[in-house]
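S.K.: Quick one: structure below, then a few questions.
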């Protein structure tokens, strides 16, 4: 790779050439997975470019195209699947500086891909008491564009489903990786081409997202002596059509008491908990409903005088649950699974009992294809990669699909099949295959057998030197 | 009844003594039902009182208590079950003048019971772009208090379920009918005592309701050649978690073309339609989704230049569907039924085929106990009361509960069983049984057998003189 020539072409664009910083900007939270840690720990780009405008971005892409340099786009690198890691080196394309908020109107916002989620909400709240429909638990660090390209849902999915659902992204402006980059405006059916494609087939330069009303959500934690009771309550609460919540999370004992250190004084050892964000105008109904279910509200932010030092409850949920466990005990890793409706209660109970001492259950209730059900993000005590694969297989065998966070490809981390729409769009938008190489098996290895059960190996993975 | 003494006690309170006007104010839309029309056509009160404040109201109640005069509270009489009709005569208590809007804040509003729904929304929209979560199709005439006391849900129930659900009413201030009326503030679990109790056990003097964000909802009509296709599409649209709608209604042919006269130029004879209200920021997604389902958008208010003379689509839906059919052909009446999840599609298709020429299907998609399903408000061609009862029985026999709109009691129009909570509260709040007599069987006839299959006869029903 002729990086010197590339750099010469990029005069005036913000570049980073310090090796340590480049390495830092080549990483995400891949290290939650001991498997990805082993495979990707050495991965680093050769240069970071941070365009501030679409014109600068296009200059970068044209230059990389001309010099055949791989380009791995990223926001702030808060993913967990190695989404933003440059497997073949080359240019790390930071979109964090394209962070202009352009227009806020009822129900929608238009902004650059690099806006941090919490900054976006701050602006939309101030403008008209609105906020994003959903955000990752890395709300304060993740970019909107990175969330769309690499995420799937999060806090708010209990109301709105996932990013893949019609209506949760309104429009994306995308630049292709061709000799003459094209600028495309994607809406409706076409959005699927690039959402959750890890930036393998186009660079998002502007997003138009729907907004929901912003409320002063009340954080609450409800304690239960049994995981099953917590799950039943959480499921029933999620099915209360008139109680507006933004988060309903079940975390089994001993995780809450052992790992939610800052909330420990509110918690009882041995209790499983349900984390809830409830709208202030649903707070009364939430309390009445919880009392009916014999739930004990052990923490209610609206009743606690001094909240200083306490993180919001969504920072105990989604992937932050894993993070808090890992911080105390690095032997933990995790999975991402789905407990399909209508069997979520039975499946969650069954899986909870299947791996005593080896798994701590963690459920995130969501709307999924019109039904209330839950994802699982269980903590898994890591021993060997073989055992981890076995646990994944046991989930599949019991009817719980796993979106394997120990794989760095779109397919293995997702639906285990070629996404023909995204592949076809990559053929058009990235004919040289320079965008985020190694993340789309269908591109690199069209004959790969997804039923093989083998982990796919990316031949272009740059080896540690 | 000593009305003269009562009137003397009510000096300074707005009274109506003109017989014609009293009769007018003693009616609702009971005449949608030929059965209720026969039974109740002669019903009229003896006096109408319209207090403007809670103090005036309490004076009225105390005076009626002292003189043993029945009191039938009402808003504007837009119910269909005879909810607001004074079966034993006496005082008609109009709450329409208690229509102050007291406080609007994020997610909630506090107001008097007599505020008209559309007036409330006008104020909350102007204040902070908010609106009621749900409203009846009689939006422009119905009062908020009447909706709570006599309604169950409506436009918006696709997002929020029904009024009976936790969280859809925040607080009710209620005055009892005792020698010394008490003022109670009901929240949480206690709300059920008086919601949908037809004012039989207390008078609502203030309501606190949750608000949802107000959008400029786009009216659309999607046409299908078959009712089954329309139902499948409507159900699938309702299950799109990311597409924000406020109304999803299926009306089978020939109703739309024959009875939606003002929209007729957009409609095709023989087509069944789906009526949709969609948020502007979900409009793109709605169009993409509809195209995927081969639905033909035959009317899209955002594309029609001259909307003059066209009612909003919600005035083609819920009980307005019946009204439009009745206006053209008075031989129609209707039912209210539920197609329970997860069999709503099959049940709707089955019932549609069961009564050829005698029934036109009409489905209202809603959230119900956490699931997406639909109510039925089918048009029924009336022949005899026996046949009508037979049709009701055939619904029950096929697993579709009917909330019989041809009965004037709470129990027969609802769950066919005693509501012990409402009954217990009536014992406390209305010891003389003066509030809306004849509407709660459990009060008048504690030994009544709900399994008898007989229509209950209210002995206190004032006969035509």
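Chains as they are written, first to last, in the UniProt record's numbering: chain H, 1 to 465; chain W, 1 to 465.
Heads up, the beta-carbon is just placed ideally off N, CA and C, and yes, glycines get one too.
Since we're looking at a predicted model, the values are computed, not measured.
In chain order, what are the residue ranges of uninterrupted alpha helix (DSSP H) at least 4 long that sit wholly in the region 1-30 of chain W?
M.R.: Correct list: 3-9, 19-24.
S.K.: Between residue 140 of chain W and chain H, is any beta-carbon pair separated by less than 9 Å?
M.R.: Counting from 1 along the second chain, the entry for residue 140 of chain W is found at position 140. Closer than 9 Å: no.
S.K.: Let me know if residue 270 of chain H comes out buried or exposed under the rule of 16 or more other beta-carbons within 10 Å of its beta-carbon.
M.R.: Here residue 270 of chain H refers to the residue found at position 270 of the first chain. Its Cβ having fewer than 16 others within 10 Å, residue 270 of chain H is exposed.
S.K.: So residue 36 of chain H and residue 408 of chain H are supposed to be a Cβ contact under 8 Å. How far apart are they, rounded?
M.R.: As a working note, residue 36 of chain H is residue 36 in the first chain. As a working note, residue 408 of chain H is residue 408 in the first chain. The Cβ separation is near 6 Å, so the contact holds.
S.K.: Closest to residue 51 of chain H by CA distance: which of H:3, H:205, H:340, H:212 is it?
M.R.: The count along the first chain starts at 1 and reaches residue 51 of chain H at position 51. In this structure, H:205 is the residue among H:3, H:205, H:340, H:212 with its C-alpha nearest to the C-alpha of residue 51 of chain H.
S.K.: I want to verify the contact list: residues of chain H whose CB lies under 7 Å from the CB of residue 281 of chain W, in sequence order.
M.R.: Residue 281 of chain W sits at position 281 when you count from the first residue of the second chain. Within 7 Å Cβ-Cβ: 107, 108, 170, 210.
S.K.: Does DSSP put residue 116 of chain H in a helix, in a strand, or in coil?
M.R.: Locating residue 116 of chain H in the first chain gives position 116, counting from the first residue. Residue state, collapsed to three classes: strand.
S.K.: What residues are listed by DSSP as bridge partners for residue 103 of chain W?
M.R.: In the second chain, residue 103 of chain W corresponds to position 103, counting from 1. BP columns for residue 103 of chain W point to W:110.
S.K.: With residue 243 of chain W as the anchor, note down where its alpha helix (DSSP H) starts and where it stops.
M.R.: Walking along the second chain from the start, residue 243 of chain W turns up at place 243. The continuous stretches of alpha helix (DSSP H) do not include residue 243 of chain W, and DSSP gives it neither H nor E.
S.K.: Contact defined as beta carbons within less than 8 Å: I believe residue 169 of chain W pairs with residue 203 of chain W. What is the distance between those atoms, to the nearest angstrom?
M.R.: Counted from its first residue, the second chain places residue 169 of chain W at position 169. Counted from its first residue, the second chain places residue 203 of chain W at position 203. Not confirmed; about 15 Å, so no contact.
S.K.: Relative to the alpha-carbon of residue 46 of chain W, which residue among W:9, W:87, W:83 has its alpha-carbon at the smallest distance?
M.R.: For the purposes of this step, residue 46 of chain W is taken as the residue at position 46 of the second chain. Nearest of W:9, W:87, W:83 to residue 46 of chain W, Cα basis: W:87.
S.K.: Could you tell me which chain W residues have their CB closer than 8 Å to the CB of residue 288 of chain H, listed as they occur along the chain?
M.R.: If you number the first chain from 1, residue 288 of chain H lands on position 288. Per Cβ cutoff of 8 Å: 166, 187, 188, 189.
S.K.: Could you give the C-beta distance for residue 74 of chain H and residue 105 of chain H, rounded to a whole number, given that I count them as a contact under 8 Å?
M.R.: Within the first chain, the letter at position 74 stands for residue 74 of chain H. Within the first chain, the letter at position 105 stands for residue 105 of chain H. So it is not a contact: roughly 29 Å between Cβ atoms.
S.K.: Could you check whether residue 175 of chain H and residue 230 of chain H sit closer than 9 Å to each other, using their CB atoms as the reference points?
M.R.: Within the first chain, residue 230 of chain H is the residue found at index 230, counting from 1. Within the first chain, residue 175 of chain H is the residue found at index 175, counting from 1. Contact flag unset, no.
S.K.: Check the Cβ of residue 184 of chain W against every Cβ in chain H and list those closer than 7 Å, keeping chain order.
M.R.: By 1-based counting over the second chain, the position of residue 184 of chain W is 184. Per Cβ cutoff of 7 Å: no residues; residue 184 of chain W is ~15 Å from chain H at best.
S.K.: Take every Cβ of the region 371-380 of chain W, pair it with every Cβ of the region 233-243 of chain W, and state whether three or more of those distances are shorter than 8 Å.
M.R.: yes
S.K.: Tell me the DSSP secondary structure of residue 196 of chain W in three-state form.
M.R.: In the second chain, the residue the question calls residue 196 of chain W occupies position 196. DSSP places residue 196 of chain W outside both helix and strand once states are collapsed to three, so it counts as coil.
S.K.: Buried or exposed: which applies to residue 27 of chain W, given that a residue is buried once 16 or more other Cβ atoms fall within 10 Å of its Cβ?
M.R.: Here residue 27 of chain W refers to the residue found at position 27 when the second chain is read from its first residue. Classification for residue 27 of chain W: buried.
S.K.: Should residue 318 of chain H be flagged as near chain W, meaning a C-beta pair shorter than 9 Å?
M.R.: Working through the first chain from its first residue, we reach residue 318 of chain H at position 318. Not one chain W Cβ lies under 9 Å of residue 318 of chain H.
S.K.: Could you confirm whether any beta carbon from chain H is found closer than 9 Å to the beta carbon of residue 233 of chain W?
M.R.: In the second chain, the residue the question calls residue 233 of chain W occupies position 233. Taking Cβ atoms only, chain H never reaches closer than 9 Å to residue 233 of chain W, which makes this a no.
S.K.: Beta carbons nearer than 9 Å to chain H: which residues of the region 241-262 of chain W have them?
M.R.: 241, 242, 243, 244
S.K.: Quick one: does residue 375 of chain W have its CB under 9 Å from some CB of chain H?
M.R.: The residue you call residue 375 of chain W lines up with position 375 of the second chain. Look at residue 375 of chain W: its C-beta is not under 9 Å from any C-beta on chain H.
S.K.: Against chain H, does residue 159 of chain W count as a neighbour if the rule is that its beta carbon must be under 9 Å from one of theirs?
M.R.: Position 159 of the second chain holds residue 159 of chain W. Output row for residue 159 of chain W: interface = yes.
S.K.: In whole angstroms, give me the CA-to-CA distance for residue 38 of chain H and residue 277 of chain H.
M.R.: In the first chain, the residue the question calls residue 38 of chain H occupies position 38. In the first chain, the residue the question calls residue 277 of chain H occupies position 277. Looking at the two C-alpha atoms, the distance is approximately 37 Å.
S.K.: Buried or exposed, going by whether 16 or more other CB atoms sit within 10 Å of the CB of residue 405 of chain H?
M.R.: Start at 1 with the first residue of the first chain, and residue 405 of chain H comes out as number 405. It is buried - the Cβ of residue 405 of chain H has at least 16 other Cβ atoms within 10 Å.
S.K.: Under 7 Å Cβ-Cβ, which residues of chain H neighbour residue 372 of chain W?
M.R.: Locating residue 372 of chain W in the second chain gives position 372, counting from the first residue. The contact set of residue 372 of chain W on chain H, defined by CB atoms closer than 7 Å, consists of 370 in chain order.
S.K.: Roughly how many angstroms lie between the CA atoms of residue 158 of chain W and residue 79 of chain W, to the nearest whole one?
M.R.: For this step, residue 158 of chain W is matched to residue 158 along the second chain. For this step, residue 79 of chain W is matched to residue 79 along the second chain. For residue 158 of chain W and residue 79 of chain W, the distance between alpha carbons rounds to 21 Å.
S.K.: Can you give the Cα-Cα distance for residue 357 of chain W and residue 350 of chain W, rounded to whole angstroms?
M.R.: Stepping through the second chain from its first residue, residue 357 of chain W is reached at position 357. Stepping through the second chain from its first residue, residue 350 of chain W is reached at position 350. Rounded to the nearest whole angstrom, the CA to CA distance from residue 357 of chain W to residue 350 of chain W is 14 Å.
S.K.: Given that a residue counts as buried once 16 or more other Cβ atoms are within 10 Å of its Cβ, and exposed if not, what is residue 344 of chain H?
M.R.: Position 344 of the first chain, counting from 1, holds the residue named residue 344 of chain H. Buried, because 16 or more other Cβ atoms sit within 10 Å of the Cβ of residue 344 of chain H.
S.K.: Taking 8 Å as the cut-off, does the region 300-312 of chain W touch the region 215-224 of chain W (at least 3 CB pairs, one atom from each stretch)?
M.R.: The region 215-224 of chain W vs the region 300-312 of chain W: in contact.
S.K.: Identify the contact partners of residue 284 of chain W in chain H, using a Cβ-Cβ distance below 7 Å as the criterion.
M.R.: Residue mapping note: residue 284 of chain W aligns to position 284 of the second chain, counting from 1. For residue 284 of chain W, the neighbours in chain H by C-beta distance under 7 Å run, in chain order, 170, 187, 188.
S.K.: How big is the Cα-Cα spacing for residue 432 of chain W and residue 443 of chain W?
M.R.: Residue 432 of chain W sits at position 432 when you count from the first residue of the second chain. Residue 443 of chain W sits at position 443 when you count from the first residue of the second chain. The alpha-carbon atoms of residue 432 of chain W and residue 443 of chain W are separated by roughly 11 Å.
S.K.: Among W:288, W:254, W:306, W:290, which has the Cα closest to the Cα of residue 329 of chain W?
M.R.: Stepping through the second chain from its first residue, residue 329 of chain W is reached at position 329. When only C-alpha atoms are compared, the closest one is W:254.
S.K.: When the Cα atoms are used, what is the spatial distance from residue 161 of chain W to residue 386 of chain H?
M.R.: Position 161 of the second chain, counted from the start, is the residue given in the question as residue 161 of chain W. Position 386 of the first chain, counted from the start, is the residue given in the question as residue 386 of chain H. Distance between the alpha carbons of residue 161 of chain W and residue 386 of chain H: 47 Å.
S.K.: Considering only residues of the region 110-181 of chain H, which uninterrupted beta strand (DSSP E) runs meet the minimum length of 3 residues and lie entirely inside it, listed in chain order?
M.R.: 130-132, 171-175
S.K.: Any beta carbon of chain H sitting closer than 9 Å to that of residue 154 of chain W?
M.R.: Here residue 154 of chain W is taken as the residue at index 154 of the second chain, counted from 1. No - not a single Cβ of chain H is within 9 Å of the one on residue 154 of chain W.
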